[in-house]
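**Q**
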Amino acid sequence: MLRPQKESFVGYLLQGKVWKHPKSATRRSQLPRGLSKTWEQRLEERRAQQAVKALQKELKEEKEAKKQRAREALLKRRKAAEEKERLEKLAAMYSSKKLKRLQKKKGRHK
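Mapping of the sequence shown onto this note's numbering: residues 203 to 312, in sequence order.
1) LYS269 to LEU261, Cα distance in whole Å?
2) In its own chain, which residues sit with a C-beta less than 6 Å from the C-beta of GLU290, not counting the 5 before and 5 after it?
3) If you drop the 5 nearest sequence neighbours on each side, which residues of the same chain put their C-beta closer than 7 Å to that of LYS307?
4) My output table needs one value for ARG271: the three-state DSSP class, helix, strand or coil.
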């Protein structure tokens, strides 16, 4: 009895028992009608999905820019409030010193 060539053993053990079934590529002609689509239909769906994604990205960027503007405005207001408070403290300090100097002068020239 002659032994078959090695190629005939693909998917089988040497003894002839099934080991793994050989696989083939899925053919679109074997798919049901509901699942099979023409190339143009798939391209159209892909374009529609890309348009939706672009719109979503644009809306997301717009929302992020709005957040950034609000954040910058908040920081600007806080900085202005701090500066105003600092100037008020300086003005209060200088006015109190000036008042003290005036009181000293009054005390000297009675």
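Note that the Cβ used here is the ideal one computed from N, Cα and C, for glycine as well.
**A** So, from the listed chains and residues:
1) The residue you call residue 269 lines up with position 67 of the sequence shown. The residue you call residue 261 lines up with position 59 of the sequence shown. Roughly 12 Å separates the two Cα atoms.
2) In the sequence shown, residue 290 corresponds to position 88, counting from 1. Contacts found: none.
3) As a first step, residue 307 must be located in the sequence shown, where it is residue number 105. There are no such residues.
4) In the sequence shown, the residue the question calls residue 271 occupies position 69. ARG271 sits in a helix when the DSSP states are folded into three classes.
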